[in-house]
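Chemist: Structure in structure tokens, see below.
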Amino acid sequence: MKITVYGSGCAKCKQTEELIKRVVAETGVNAEVVKVSDIREMIAAGIMSTPAVAVDGTMKISGRVPNADEIKKWISG
Amino acid sequence: MSKKCCCEKKEDYKLPVKATLPMRTVVIGILSLAAWWLLYGQLGAISQWITYNLIGLTRNTHLGSSVEFFLFDTLKVMMLLVLIVFAVGIVRSFFTPEHTRKILAGKHESIGNVFAALLGIVTPFCSCSAVPLFIGFVTTGIPLGVTFSFLISAPMVNEIALVLLYGMFGWKVAALYLGTGLLIAIVAGWIIGRMKMEKHVEKWVYATQMGDADDASQELTWPTRIQYGLDAVKDIVGKVWPYVIAGIAVGAGIHGYAPENALAAIMGKDAWWSVPLAVIIGIPMYSNAAGIIPVVEALLSKGAALGTVLAFMMSVIALSLPEMVILRKVLKPRLIATFIGVVGIGILLIGYLFNIMDLHKLILK
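In order, the protein sequences belong to chains U and A. Heads up: take any position in the first sequence, counting from 1, add 51, and you land on the working numbering. Heads up: take any position in the second sequence, counting from 1, add 24, and you land on the working numbering.
Okay, here's the thing in structure tokens:
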């Protein structure tokens with residue numbers, strides 16, 4: 052599983068990345084967490100508001116920090 | 025004559041259920057609102073009780089009334105902030121930049137400018153995503169001017185500024201800020217559009233193909249929306265409350281200690297150059313709405329003219345150096361300069377308008 056966090060360095064984006072890493076570690080799911088800050092990559096993915104998270108290519112959330120429960124649902128579903 | 029209709033298949037097919045608001049949440053919501061309302065009405069009595077009974081100050085003394093005023097104002101503004109930030113948070117959960125982009129895509133200028141300015145208020149916007157948002161907008165055929173209307177209104181017309189202005193200066197000032205803010209966003213955006221500066225957008229922007237992200241915040245359930253609102257309160261009010269208290273304290277304290285007209289000479293309405301100066305000083309400064317309000321309060325109470333102060337506040341909030349630096353990725357310097365210039369002039373005119381019309385006395389309580 053590949054989790055991509057799109058963010059350009061603002062506090063919320065960092066928060067999202069850390070939260071996801073924590074949840075992944077806690078649940079022990081085998082997932083790779085990747086952070087993308089390049090604007091062109093974000094645009095190619097169609098993202099207009101950060102933070103945004105995609106799991107295996109599907110956009111799960113954009114524009115706000117997810118909570119732990121939401122993250123758990125994504126990685127287990 | 026087959027009895028087989030599509031309905032039969034539905035046994036195997038699970039219909040997506042959109043979570044409606046559970047009754048329990050509705051009840052809690054109504055009770056909370058009622059509690060808020062009751063508490064709000066009692067704030068006067070509560071601050072008096074705390075000042076004169078709990079702390080033990082004497083009525084009708086300078087110190088007593090200052091403290092009472094301070095408590096009353098602080099409690100009032102904090103309660104308003106919590107309510108409004110929560111409400112706006114919920115409203116915002118219905119809007120996403122992707123959504124807004126779709127709404128604006130078909131509109132022509134003029135109408136588009138109005139819509140963009142209005143949507144700027146309710147669409148969640150973070151300066152960090154200004155660039156992808158800009159690109160997303162202009163590559164969907166949204167006119168440049170319309171995009172600018174959005175970019176102007178989004179940071180400037182924000183609910184915190186409005187709540188604080190309302191709480192500290194009354195609804196008229198808040199309404200004024202809202203109205204003139206929208207006006208500037210619409211007109212400035214329209215003017216920039218008319219100037220046909222598309223070639224001052226970095227070329228690679230128009231060559232970019234924006235991917236079409238499936239709208240991730242699609243079926244937001246009500247519980248999530250409420251959580252969004254609560255998070256917003258925790259986040260925003262949590263960040264902003266020191267400024268609010270500082271501002272009110274400054275107001276309460278200064279009233280007794282500095283001469284009423286200390287600033288009238290340099291910022292009063294007769295000092296015509298104070299408005300352009302205020303705008304120019306404000307441009308490189310950036311502060312969130314809450315941080316600037318204490319300054320506004322102090323200036324106004326010491327004789328600065330309303331127009332000058334409004335101009336300063338708008339200039340600080342709407343034109344931010346960090347955002348310009350970010351936008352440099354997609355805008356050529358001339359366009360950035362034009363952007364600053366047109367908005368700056370708009371703010372300037374508003375400032376003059378208010379000073380000239382002597383609305384100061386009419387509007388401030």
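Where is the CB? At the ideal position from N, CA and C, for every residue including glycine.
Give, in chain order, every residue of the stretch 333 to 347 of chain A whose Cβ lies closer than 7 Å to some Cβ of chain U.
Modeler: Listed in sequence order: no entries.
Chemist: What residues from chain A crowd round Thr67 of chain U, counting only those whose CB sits closer than 7 Å?
Modeler: The count along the first sequence starts at 1 and reaches residue 67 of chain U at position 16. Result: empty, since nearest Cβ-Cβ is about 12 Å, beyond 7 Å.
Chemist: Of all the CB atoms in chain U, is at least one closer than 8 Å to the CB of Gly160 of chain A?
Modeler: Reading the second sequence from its first residue, position 136 is the one you call residue 160 of chain A. Chain U contact via Cβ: present.
Chemist: Relative to chain U, which residues along the stretch 220 to 233 of chain A have a C-beta separation below 7 Å, given in chain order?
Modeler: So the list reads Thr232, given in the order they occur along the chain.
Chemist: For Cys150 of chain A, tell me which candidate among A:Asn182, A:Ser298, A:Met192 and A:Ala335 has the shortest Cα-Cα distance.
Modeler: Counting from one through the second sequence, the residue named residue 150 of chain A turns up at place 126. It is A:Asn182 whose Cα lies nearest to the Cα of Cys150 of chain A.
Chemist: By Cβ distance below 6 Å, which residues in the same chain neighbour Cys61 of chain U in space, the five residues on each side in sequence not counted?
Modeler: Along the first sequence, read from residue 1 onward, the residue named residue 61 of chain U stands at position 10. Hits under 6 Å: none found.
Chemist: Short check: CB of Thr171 of chain A to CB of Gly114 of chain U, under 8 Å?
Modeler: Against the second sequence, residue 171 of chain A aligns to sequence position 147. Against the first sequence, residue 114 of chain U aligns to sequence position 63. Taking 8 Å as the Cβ cut-off, Thr171 of chain A and Gly114 of chain U do not qualify as a contacting pair.
Chemist: Going by DSSP, which residues form a beta bridge with Val56 of chain U?
Modeler: Reading the first sequence from its first residue, position 5 is the one you call residue 56 of chain U. In DSSP, Val56 of chain U forms a bridge with U:Lys86 and U:Val104.
Chemist: Only counting the same chain, and skipping five residues up and downstream in sequence, which positions put a Cβ closer than 7 Å to that of Gly315 of chain A?
Modeler: In the second sequence, residue 315 of chain A corresponds to position 291, counting from 1. Excluding sequence neighbours, Gly315 of chain A sits near Tyr267.
Chemist: State the Cα-Cα distance for the pair Ala3 of chain A and Leu175 of chain A, rounded to the nearest angstrom.
Modeler: Residue 3 of chain A is absent from the structure shown; chain A starts at 25 and stops at 389.
Chemist: Count the other CB atoms within 10 Å of the CB of Lys111 of chain U; is the residue buried (16 or more) or exposed (fewer)?
Modeler: Locating residue 111 of chain U in the first sequence gives position 60, where the first residue counts as 1. Per the 10 Å Cβ criterion, buried.
Chemist: Any Cβ of chain U within less than 8 Å of the Cβ of Arg83 of chain A?
Modeler: Along the second sequence, read from residue 1 onward, the residue named residue 83 of chain A stands at position 59. Judged by the 8 Å Cβ criterion, Arg83 of chain A is not in contact with chain U.
Chemist: Could you tell me the distance, in whole angstroms, from the CA atom of Thr67 of chain U to the CA atom of Val84 of chain U?
Modeler: The count along the first sequence starts at 1 and reaches residue 67 of chain U at position 16. The count along the first sequence starts at 1 and reaches residue 84 of chain U at position 33. If you take the alpha carbons of Thr67 of chain U and Val84 of chain U, they lie about 11 Å apart.
Chemist: Using a Cβ-Cβ cutoff of less than 6 Å, which residues in the same chain neighbour Trp204 of chain A once the five nearest sequence positions on both sides are dropped?
Modeler: Locating residue 204 of chain A in the second sequence gives position 180, counting from the first residue. The question names Trp, but residue 204 of chain A is Thr in the sequence shown. Same-chain partners within the cutoff: Ile374.
Chemist: Would you kindly report the start and end of the unbroken alpha helix (DSSP H) that includes Ser339 of chain A?
Modeler: Working through the second sequence from its first residue, we reach residue 339 of chain A at position 315. Looking at the DSSP string, the run of the alpha helix (DSSP H) that includes Ser339 of chain A is Leu330 to Ala342.
Chemist: Distance cutoff 8 Å, beta carbons only. Does Ile94 of chain U sit that close to anything in chain A?
Modeler: Counting from one through the first sequence, the residue named residue 94 of chain U turns up at place 43. Yes, contact with chain A.
Chemist: Who are the Cβ neighbours of Ile8 of chain A in its own chain at under 8 Å, not counting the five residues just before and after it?
Modeler: Since the displayed chain A opens at 25 and closes at 389, residue 8 of chain A lies outside it and no answer follows.
Chemist: Tell me where the alpha helix (DSSP H) around Ile250 of chain A begins and ends.
Modeler: Position 226 of the second sequence, counted from the start, is the residue given in the question as residue 250 of chain A. First-last of the alpha helix (DSSP H) with Ile250 of chain A: Trp246 to Ala256.
Chemist: Pro148 of chain A and Ile341 of chain A: beta carbons closer than 8 Å?
Modeler: For the purposes of this step, residue 148 of chain A is identified with residue 124 of the second sequence, where counting begins at 1. For the purposes of this step, residue 341 of chain A is identified with residue 317 of the second sequence, where counting begins at 1. Cβ distance not < 8 Å, so Pro148 of chain A and Ile341 of chain A don't count as in contact.
Chemist: May I have a chain-ordered list of the alpha helix (DSSP H) segments no shorter than 4 residues that lie completely inside the stretch 75 to 141 of chain A?
Modeler: Fully enclosed alpha helix (DSSP H) runs of 4 or longer: 86 to 117 and 121 to 129.
Chemist: Between Val155 of chain A and chain U, is the shortest Cβ-Cβ distance under 8 Å, so that the two count as touching?
Modeler: Here residue 155 of chain A corresponds to residue number 131 of the second sequence, with the count starting at 1. Yes, because at least one Cβ of chain U sits closer than 8 Å to the Cβ of Val155 of chain A.
Chemist: Can you confirm whether Arg249 of chain A, when its beta carbon is compared against all beta carbons of chain U, has any partner nearer than 8 Å?
Modeler: Within the second sequence, numbered from 1, the residue matching residue 249 of chain A stands at position 225. Cβ-Cβ to chain U under 8 Å: no for Arg249 of chain A.
Chemist: Is the Cβ-Cβ distance between Met234 of chain A and Gly97 of chain U less than 8 Å?
Modeler: Your numbering for residue 234 of chain A matches position 210 in the second sequence. Your numbering for residue 97 of chain U matches position 46 in the first sequence. Taking 8 Å as the Cβ cut-off, Met234 of chain A and Gly97 of chain U qualify as a contacting pair.
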